[in-house]
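For reference, each letter of the sequence shown is one residue, going 428 to 667 in the working numbering. Every residue gets a Cβ at the ideal spot worked out from N, C-alpha and C, and that includes glycine.
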Amino acid sequence: MTDQLQFLVRGSFSLIFVIISILIGLRLISKYFQFEQKNFISIGLTWIFLSSSWWWSGFNFIANLFNHSLSDTSYLILANGFIAPALVTWLYSFTSLAYDQRKQKILVLSLVIAIPYELILLILVFVQPSLIGREVSENVIARTPLTLSIAIIAIIIALITGLIFSKNAMKSQDKEIKWKGRFLLLAFVLFTIGAGLDSVSWTSLFMIIFIRLILIMSSITYYIAFFLPDRIKKVLIKGE
Numbered sequence: 428m429t430d431q432l433q434f435l436v437r438g439s440f441s442l443i444f445v446i447i448s449i450l451i452g453l454r455l456i457s458k459y460f461q462f463e464q465k466n467f468i469s470i471g472l473t474w475i476f477l478s479s480s481w482w483w484s485g486f487n488f489i490a491n492l493f494n495h496s497l498s499d500t501s502y503l504i505l506a507n508g509f510i511a512p513a514l515v516t517w518l519y520s521f522t523s524l525a526y527d528q529r530k531q532k533i534l535v536l537s538l539v540i541a542i543p544y545e546l547i548l549l550i551l552v553f554v555q556p557s558l559i560g561r562e563v564s565e566n567v568i569a570r571t572p573l574t575l576s577i578a579i580i581a582i583i584i585a586l587i588t589g590l591i592f593s594k595n596a597m598k599s600q601d602k603e604i605k606w607k608g609r610f611l612l613l614a615f616v617l618f619t620i621g622a623g624l625d626s627v628s629w630t631s632l633f634m635i636i637f638i639r640l641i642l643i644m645s646s647i648t649y650y651i652a653f654f655l656p657d658r659i660k661k662v663l664i665k666g667e
């Protein structure tokens, strides 16, 4: 009963986080058609891809509702296959907005890492899947040193560049941009904490819910960082 309850809680809260992240990502991407700025596409894809580690948990939860389950191949791909693309799309966004003069060098370096990793991942999925990861229990995956190291590197790079980008925004004299920088900072910090805590296979229902609430909050603050709804903006700017 306890295992089943853990599965339901882990899967349902993961699904909520994934749905929110995908909707926010699509909302950002849709802004491209309004402003014709490619950064909106890469920024939106970044958050969608960052949520990919929880796709399997969320989608497997849906499959189980219909008495099905996702294959071993699908969970390995869903949990690991979009981390490197997330890093590439974020670095594209970061360099385009903050360090355009270094954009080409940084993107080439990220692609040199991402493309071979994706090819190795694709080969191992069919040849030696145990080198990618294994299912510890329902909706819980244990990564191997290869996939774990890439995930950690991606999170660290995203956090550092996110901090730099946020810091630059918070230096602005424009109060709106300053607040957007604060929310972006909060989004990356919350995501890093949530992803870090989730790397441990918690069995406590409190921790499972707590971690996913942190991740959900990171999605909401990421959304606010780029859209800052008028109601929130009026309260924040008026309060300064």
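Segment limits, beta strand (DSSP E) that includes residue i
i: Val567; result: 567-570
Same chain, Cβ closer than 7 Å to residue i, neighbours up to 5 away in sequence not counted
i: Pro516; result: Note on identity: in this sequence residue 516 is Thr, with Pro being the wrong assignment. Excluding sequence neighbours, Thr516 sits near Ser469, Leu472, Thr473, Phe476.
i: Leu548; result: Asn507, Gly508, Ile559
i: Ile582; result: Thr619, Ala622
Other residues of its chain near residue i: CB distance less than 6 Å, five sequence neighbours each side excluded
i: Tyr502; result: Trp483
i: Ala578; result: Ile510
Straight-line Cα distance separating residue j from residue i
i: Lys594; j: Arg609; result: 8 Å
i: Phe460; j: Phe653; result: 16 Å
i: Leu663; j: Trp606; result: 8 Å
i: Ile568; j: Gly560; result: 7 Å
i: Leu514; j: Ile446; result: 20 Å
i: Ile540; j: Ser479; result: 19 Å
i: Glu557; j: Lys665; result: The amino acid occupying residue 557 in the given sequence is Ser; Glu does not appear at that position. Rounded to the nearest angstrom, the two C-alpha atoms are 55 Å apart.
i: Arg529; j: Ile451; result: 28 Å
i: Thr522; j: Leu432; result: 44 Å
i: Leu524; j: Leu586; result: 16 Å
Endpoints, alpha helix (DSSP H) assigned at residue i
i: Tyr649; result: 632-654
i: Gln461; result: 459-462
i: Ser501; result: 499-507
i: Val616; result: 602-625
i: Tyr519; result: 510-525
Same chain, Cβ closer than 8 Å to residue i, five either side skipped, listed in chain order
i: Val436; result: Leu632, Ile635, Ile636
Enumerate, from N- to C-terminal direction, the unbroken beta strand (DSSP E) stretches of 3 or more residues contained entirely within the segment 543-568. Segments of the beta strand (DSSP E) lying fully in the segment 543-568: 560-564.
Taking 8 Å as the threshold, find out whether the segment 626-638 comes into contact with the segment 597-604 through three or more Cβ pairs. Too few Cβ pairs lie closer than 8 Å, so no.
Give a yes or no on contact between the segment 643-657 and the segment 447-457, applying the rule of three or more CB pairs nearer than 8 Å. yes
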